[in-house]
Structures are given as structure tokens and as C-alpha cells.
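Q:
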Ligand SMILES: Nc1ncnc2c1ncn2[C@@H]1O[C@H](COP(=O)(O)OP(=O)(O)O)[C@@H](O)[C@H]1O
Ligand SMILES: [Mg+2]
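Protein chains in written order, with this note's numbering: chain A, 1 to 439; chain B, 440 to 675.
#1: Could you tell me the boundaries of the beta strand (DSSP E) in which residue 452(B) lies?
#2: Going straight from the alpha carbon of residue 570(B) to that of residue 545(B), what length do you get?
#3: Three-state secondary structure (DSSP) at residue 213(A)?
#4: Output yes if chain D places a C-beta closer than 8 Å to the C-beta of residue 20(A); else output no.
#5: Is the shortest distance between the beta-carbon of residue 336(A) and the beta-carbons of chain B less than 8 Å?
#6: Any idea what DSSP makes of residue 661(B), helix, strand or coil?
#7: Is the distance from the Cβ of residue 441(A) to the Cβ of residue 291(A) below 8 Å?
#8: Say whether chain A places a C-beta atom closer than 8 Å to the C-beta of residue 644(B).
#9: Using a Cβ-Cβ cut-off of 8 Å (strictly less than) and excluding sequence neighbours within five positions of residue 343(A), which residues of its own chain qualify?
#10: Going by DSSP in three states, residue 180(A) sits in which element: helix, strand or coil?
#11: Does ligand 2 have even one heavy atom less than 7 Å from the beta-carbon of residue 488(B)?
#12: Can you give, in chain order, each stretch of the alpha helix (DSSP H) that sits fully within the region 289 to 368 of chain A and has at least 4 residues?
#13: Looking at C-alpha atoms only, which residue of 430(A), 415(A), 210(A) is the closest neighbour of residue 29(A)?
#14: What is the DSSP secondary structure of residue 273(A), counted as helix, strand or coil?
#15: State the Cα-Cα distance for the pair residue 271(A) and residue 243(A), rounded to the nearest angstrom.
#16: Can you confirm whether the region 602 to 614 of chain B touches the region 643 to 652 of chain B when touching is taken to mean that 3 or more C-beta pairs between the two stretches lie within less than 8 Å?
#17: Which residue or residues does DSSP assign as beta-bridge partners of residue 503(B)?
#18: Taking C-beta pairs closer than 7 Å, name the residues in chain B that residue 5(A) reaches, listed in chain order.
#19: I'd like the span of the alpha helix (DSSP H) that includes residue 402(A), first residue to last.
#20: Give a yes or no on whether the minimum CB-CB distance between residue 425(A) and chain B is below 8 Å.
#21: Round the Cβ separation of residue 398(A) and residue 376(A) to the nearest angstrom and send it over; I've been treating them as touching at under 8 Å.
#22: Name the two residues that bound the continuous alpha helix (DSSP H) containing residue 569(B).
#23: Say yes only if the C-beta of residue 662(B) is nearer than 7 Å to one or more non-hydrogen atoms of ligand 1, and no if none qualify.
#24: Whether or not the region 518 to 526 of chain B and the region 443 to 463 of chain B are in contact is what I'm after, with contact meaning three or more pairs of Cβ atoms, one per stretch, closer than 8 Å; do they touch?
#25: Just verifying my parser: in three-state terms, what is the DSSP assignment at residue 533(B)?
#26: Starting from residue 67(A), follow its DSSP beta bridges and name the residues at the other end.
#27: Smallest Cα separation from residue 223(A): which of 307(A), 209(A), 129(A)?
#28: So is the beta-carbon of residue 577(B) under 7 Å away from any non-hydrogen atom of ligand 2?
#29: Looking at C-alpha atoms only, which residue of 161(A), 132(A), 136(A) is the closest neighbour of residue 250(A)?
#30: Report the neighbours of residue 46(A) on chain B: residues whose CB is nearer than 7 Å to its CB, in chain order.
#31: In angstroms, rounded to a whole number, what distance separates the CA positions of residue 444(B) and residue 510(B)?
#32: What residues from the region 338 to 350 of chain A come within 9 Å of chain B, judged by C-beta to C-beta, listed N to C?
#33: Quick one: does residue 498(B) have its CB under 8 Å from some CB of chain A?
#34: At the level of alpha carbons, what is the spacing between residue 331(A) and residue 436(A)?
#35: Three or more beta-carbon pairs under 8 Å between the region 217 to 237 of chain A and the region 18 to 32 of chain A, yes or no?
#36: Would you list the residues sitting across from residue 479(B) in a DSSP beta bridge?
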């Protein structure tokens with residue numbers, strides 16, 4: 001007998017007893033909706049954390065540390081020093097080789113402070129800035145106009161400068177001026193005055209305002225400007241100091257695990273001839289991963305407890321199926337007299353049980369997601385009212401867990417099969433004559 | 440020469456209600472029925488007519504004895520084979536109609552076709568054709584509780600005829616109907632007997648209706664006490 005016929009039959013049978021069907025489903029609805037609610041909360045917390053991390057800009061960086069292993073004997077010797085020889089540290093050449101080998105996989109994030117510098121505005125007023133040299137921008141979420149500092153600026157030692165909108169107000173005394181392409185003269189800490197071309201503008205971080213007492217005039221504030229690191233080193237006749245620590249941004253188009261392995265291998269090869277050194281590559285997302293796995297464990301644990309209510313629901317389904325089969329004994333007898341095989345009867349009632357559980361499951365999923373949404377939005381409005389300052393930073397995201405939904409659907413069907421089989425089999429095995437006589 | 444559709448030898452049916460009071464309902468029935476016969480079974484209530492009928496219809500297995508239906512040994516068949524026999528070769532009509540409630544007349548008639556695995560479209564066509572035969576074409580969408588007794592029985596007969604069974608079994612089909620309606624149902628049986636060539640076995644309490652049949656078998660206390668035999672004009 002066709003499956004669609006069974007489905008039609010099952011629908012008709014459920015429709016004939018709407019109230020009873022709904023009450024039967026209740027256990028399944030409660031079980032599934034609590035599992036979905038809990039997993040929705042779990043994945044939403046994870047998503048919120050990772051979005052917040054992303055927003056802060058800490059998500060796609062590797063930290064690379066250089067450690068020196070000491071022998072016990074080394075440590076005991078008189079001339080032991082735990083200072084690392086500079087020639088063994090990370091060098092710019094290494095970073096160049098890294099970019100050569102892996103192309104766009106990695107962008108090294110070198111930054112160096114060059115202290116304060118002073119400028120004179122178009123109205124000849126003096127103001128100061130903090131100069132940072134960088135290879136490429138660490139963060140560009142505040143970017144407004146123009147472009148950021150690039151690796152090419154570094155290679156070609158271009159006198160590029162990336163400023164904030166505060167700087168534009170300070171320098172031009174007029175916010176409507178287009179600063180891109182304008183040349184400014186900057187007096188560095190060593191006294192020399194150098195010309196720079198403005199290539200881009202970013203928003204002044206909100207934090208800036210908090211550093212100054214209210215009412216402080218713009219000219220009294222010190223904003224940050226960035227210039228190409230190599231240009232600055234060139235101007236100051238300095239060379240890059242060797243480093244024991246690197247921050248390397250990875251391209252999010254690639255698999256982070258693969259990139260981490262690449263990076264680890266690269267540095268291990270670099271230090272192959274220098275035993276006693278150990279390079280450790282860490283992804284800041286590891287911390288996120290750790291938090292995520294803790295949340296996962298909690299979610300699964302609570303879900304299992306919630307799933308127990310599914311068993312209760314399943315027993316309810318079994319009970320109603322037994323009642324239904326007793327009520328329909330005569331119908332079963334008639335069907336058998338008309339030539340229904342045992343397997344057809346069994347299938348009919350199993351499909352009916354599955355349908356009850358599946359509909360219950362779907363209602364449960366919808367309720368669970370709705371509950372999760374309500375909780376999420378409540379949390380969001382709570383955060384915005386209690387911590388308005390951080391509201392921007394905490395990106396509350398409500399995201400139902402897709403795997404949990406799929407598992408819930410599968411589990412509903414399984415519950416139907418498991419708890420429907422026994423009653424259905426009982427129906428299938430009825431003696432046709434006894435069934436026909438029943439009243 | 441007609442061939443035997445039913446051949447029963449020494450059929451015994453016992454119910455075991457605890458060893459000491461074992462109950463023997465059929466005491467060695469021998470019965471042959473030929474193709475296209477219209478046979479009446481009569482006898483007192485509790486004499487074992489329905490039990491015999493269920494046996495003939497492959498709903499029940501004998502405790503002892505052999506039963507060949509269309510040349511095949513029923514007593515050795517498994518459940519799947521028996522249900523196929525009931526589906527394809529037997530049509531049942533009951534005293535209390537036994538239509539499935541909350542299911543339209545058409546759906547009821549479709550049921551045996553469904554179990555025969557007939558595709559939906561063909562099934563609908565055949566079910567409508569059957570309702571046409573019993574003159575119920577305009578009531579296909581009605582639920583059983585919206586039909587009169589006679590109408591219900593006609594739907595039940597349409598359902599019994601669905602898969603062109605070789606044997607139509609009717610257990611007191613007019614028992615729950617008034618005389619006039621019973622007459623109409625009886626006419627329908629005659630019509631099917633003549634037009635479709637179906638072999639019909641009818642259990643009845645009415646001597647007049649039994650008299651209309653080719654042959655009358657009388658049962659008393661689980662034994663055949665009289666059989667008018669195959670009449671000369673059994674095969675029309
Ligand atoms: N399952 C059963 N267990 C015990 N006795 C039964 C059972 N089914 C039928 N009987 C008995 O068998 C006898 C014959 O019943 P039945 O064939 O229905 O008679 P009829 O149809 O001639 O009135 C009755 O006495 C009935 O009580
Ligand atoms: Mg009877």
C-alpha cells in the first residue's frame with residue numbers, strides 16, 4: 001500500500017480527534033521546544049561572543065611567540081642569562097619570506113610607536129599627535145574616507161599619513177575640507193620637519209572623548225596618526241628591531257586550522273638550525289573556542305535532561321495509540337477481511353504515530369525558536385538600557401541551532417517509530433475474526 | 440463439467456476454553472461448491488454457519504481437515520498468502536455492513552483496490568464503476584452514517600466485488616434490513632450472479648430467499664444435515 005495513502009489516512013484519523021491529538025502531542029511539543037530553546041540560547045551566546053570578538057577586531061589574528069628552551073645545566077652555569085640574543089629573534093626578512101611563500105594567506109601586523117609629533121594648523125596653531133608606524137592597518141572598522149596604509153607604502157617608502165577626523169578639524173579648522181591628497185608638515189620628536197600626504201581618514205574612537213574632561217577644546221587633544229613603518233624607519237635612519245612576538249593577520253577566506261599549521265611549519269623551518277628555540281602559534285580564537293566548547297557541553301547536558309521529557313511524551317503517544325487501536329479494532333478486522341496484510345496495518349499505525357510526533361516536533365521547534373527570539377530580544381534591550389556604553393560593542397545575535405533542529409526532526413520521527421511500533425504491531429497481529437466480532 | 444471452487448474434507452473447528460470444556464463448533468464438514476453456483480446455507484443460530492463461512496473466506500483456519508480453494512490448500516497458507524486470497528478471490532458482505540466509519544462510500548469501495556496495489560487514478564475509476572453497478576454512483580462522497588441500511592449494504596456489496604472475486608460470501612446480508620430492502624439486495628445478488636458469473640454463498644434465515652438459490656445446505660450443531668445437491672440448471 002502506498003505511503004501517501006497511509007499519510008492521508010493518518011491525517012484523517014488525527015483530524016477526527018483534534019483535541020486528543022493535540023494533547024497527545026503536548027509531551028513531544030514540550031520536549032522538543034525545550035531542547036530547541038536551550039540550543040538556541042547556546043548558539044546565540046556563541047554567536048554573540050564571536051560577533052563581539054569580531055567587532056573588537058580580535059578574531060583573525062595569530063600570535064606568534066618565540067621561546068627559548070633551557071637545559072638544566074645551562075641554567076646552573078655561572079654565565080647563564082635568560083636574555084635572548086638579538087640575532088636569534090624574529091626578523092623582517094623572515095616576514096618577507098613568509099609573504100613570499102604564502103602570498104595573501106598572512107599579513108604581518110607590525111606596529112611601532114614613534115612618540116609625539118607636532119603640526120601647525122592652517123591658522124598656524126600648534127597641536128600634537130601620536131605617531132604610529134605600521135605595515136598594514138590592524139583595524140579598519142572606523143575607516144571613513146580614502147585608503148589605509150598599505151604594504152606598498154612601506155616598500156616604496158611613501159610619505160603617506162592616515163589621520164582621524166579630529167585631526168582634520170584640528171589642521172584645517174574646517175570640517176568640510178577634503179583632506180585627501182593634502183600635504184602636511186609634521187615636526188618629529190628628533191626635531192626634523194617632514195612632509196606627509198594624507199591618504200585616508202578614520203573616525204575618532206569614542207574612547208578619545210573619555211580621556212579628556214568635558215569642554216576640552218579640539219586643539220588641546222592629541223589624536224593618533226599612522227604612517228608606513230618602513231618610511232618612518234627610513235626617515236629616522238633606524239632599522240627594525242628584532243622581535244620575540246609577532247601578530248599576524250590571517251585571511252578569513254582560508255581555513256584557520258590549515259593556516260595555523262602553515263605558520264607553525266614555516267617558523268619551525270626558520271628555526272630548524274637553531275635548536276633550543278620553540279615557536280608557538282596561537283590563535284586568539286582559541287579562547288573563543290574554549291568558551292564555545294564549555295557552552296556546548298552545558299547545552300548538550302541540559303538538552304539531554306530536556307530530552308527525557310521526550311520519553312514521557314513518547315509514552316503518551318504510545319498510550320493514545322493503544323487506545324486508538326482498541327477503539328478501531330473493528331476497522332482493523334474489516335481491513336483484514338478486505339485483504340490488508342499485517343504489514344499494511346502495522347505501517348498504517350506507525351505512520352500515524354510518526355505523524356503525531358512529527359507535527360508535535362515541528363510545533364515544538366517553532367515554539368522553541370520563538371522562545372529563543374523573545375529571550376534574545378529581552379537580553380538585547382536589557383543590555384542597551386543597563387550598559388548603554390557597551391551596547392554597540394556587544395553584538396547580541398539570536399541564532400537557532402540548525403543541527404539541533406535537524407536532530408529534533410529526526411528524533412521526533414524516531415520517537416514515533418519507537419513508541420508507535422508496539423501498538424501498531426499489536427494491531428497487525430490481531431486475529432481478523434476476533435477483531436470483526438469486537439464491539 | 441464445472442470445476443470445484445471449494446473442496447472441504449472433514450473440517451473440524453474447536454475452541455479451547457480450558458482443557459476440560461473444549462468446544463467443537465464444526466464436526467467434520469465435507470462440502471464441494473462448483474463454479475458459478477448460488478448456494479444458501481441455513482440453520483439455527485449458533486449452529487456454526489458463520490464459523491464455516493469464515494473458514495471458506497480464509498479468515499480462519501480449520502483445526503483439522505483439508506480445504507482447497509481454487510485448487511490451493513488453504514490450511515497450509517501463511518498470513519500473507521491468506522490476506523492475498525481474501526483480497527483477490529473473496530468478497531465479504533456482512534449482516535452489519537461493516538463499512539469503515541468516517542470514510543466516504545467511495546473510499547470504502549477503494550479499500551480492497553488499495554490493498555491490491557492499484558494506482559490511484561485507476562482505483563478511482565474502478566470504485567466509481569462499482570458504485571454505478573450497485574446504483575449508488577451519486578452517493579460516493581457520503582459517509583456511512585449518512586446512508587440508509589440498504590444503501591450501506593449496496594456500498595458493501597460494491598466493495599466486496601472490487602477485485603472481481605471468484606467467490607462472494609454473504610453472512611445474513613438482509614438480516615438487518617426490512618423485507619423490501621432485503622428484496623432489493625437479493626435482486627442485486629442475482630444480478631451479479633448472472634452478469635459477473637460470481638459464485639455466491641449466502642447465509643440466511645429466510646426460507647423464501649433460500650428457496651431462490653440453486654442449492655440449499657442445512658447445518659445443525661456443526662454438521663451438514665441436508666444438502667439439496669447441485670441442481671441440473673446450476674450452470675446457466
Ligand atoms: N471465539 C470463540 N470462542 C468460543 N466459542 C465461539 C467462538 N466463536 C464462536 N463461538 C461459538 O461457536 C458457535 C457457532 O457460532 P456461529 O458460527 O457464529 O453460529 P451462527 O453463525 O450459525 O449463528 C456458537 O455457539 C458460538 O458461541
Ligand atoms: Mg452467524
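All C-beta atoms in this analysis are idealised placements derived from N, C-alpha and C, irrespective of residue type, glycine included.
A: Reading from the atomic positions:
#1: Looking at the DSSP string, the run of the beta strand (DSSP E) that includes residue 452(B) is 443 to 455.
#2: Going from the Cα of residue 570(B) to the Cα of residue 545(B) covers about 8 Å.
#3: The three-state reading of DSSP puts residue 213(A) in coil, since its state is none of H, G, I, E or B.
#4: Structure shown: chain D not included; protein chains present are A and B.
#5: Taking Cβ atoms only, chain B reaches closer than 8 Å to residue 336(A), which makes this a yes.
#6: Residue 661(B): coil per DSSP, three-state reduction.
#7: Residue 441(A) cannot be examined here, being either before or after the span of chain A that is shown, 1 to 439.
#8: Interface criterion not met: the Cβ of residue 644(B) is under 8 Å from no Cβ in chain A.
#9: Once the five neighbours on either side are set aside, the close Cβ partners of residue 343(A) are 428.
#10: Three-state result, residue 180(A): coil.
#11: Here the distance from the Cβ of residue 488(B) to the nearest heavy atom of ligand 2 is below 7 Å.
#12: Qualifying alpha helix (DSSP H) stretches, in chain order: 329 to 337.
#13: Of the listed residues, the one whose Cα sits closest to residue 29(A) is 415(A).
#14: Of the three classes helix, strand and coil, the one that applies to residue 273(A) here is coil, per DSSP.
#15: About 14 Å.
#16: Between the region 643 to 652 of chain B and the region 602 to 614 of chain B there are three or more inter-stretch CB-CB distances shorter than 8 Å, so the stretches are counted as touching.
#17: The bridge partners DSSP lists for residue 503(B) are 451(B).
#18: The contacting residues are 553.
#19: Note, residue 402(A): alpha helix (DSSP H), 402 to 428.
#20: Closer than 8 Å: no.
#21: Their Cβ separation, rounded to whole angstroms, is 3 Å, which keeps residue 398(A) and residue 376(A) in contact under 8 Å.
#22: Per DSSP, residue 569(B) belongs to the alpha helix (DSSP H) from 559 to 572.
#23: The closest heavy atom of ligand 1 lies 7 Å or more from the beta carbon of residue 662(B).
#24: Result no; under three Cβ-Cβ pairs closer than 8 Å.
#25: The answer is coil: DSSP assigns residue 533(B) none of H, G, I, E or B.
#26: Paired residue(s): 278(A).
#27: Out of 307(A), 209(A), 129(A), 129(A) has the C-alpha closest to the C-alpha of residue 223(A).
#28: With a cut-off of 7 Å, the C-beta of residue 577(B) is classified as distant from ligand 2, since no heavy atom of the ligand falls inside that distance.
#29: If we check each option's Cα against that of residue 250(A), 136(A) comes out closest.
#30: Chain B residues near residue 46(A): none, gap ~48 Å exceeds 7 Å.
#31: Straight-line Cα distance between these residues: approximately 7 Å.
#32: Answer set for the region 338 to 350 of chain A: 338, 339, 340, 341, 342, 343, 344.
#33: Judged by the 8 Å Cβ criterion, residue 498(B) is in contact with chain A.
#34: Straight-line Cα distance between these residues: approximately 8 Å.
#35: Here the region 217 to 237 of chain A makes no contact with the region 18 to 32 of chain A; the two share fewer than three CB pairs at distances below 8 Å.
#36: Looking at the DSSP assignment, residue 479(B) forms a beta bridge with 641(B), 655(B).
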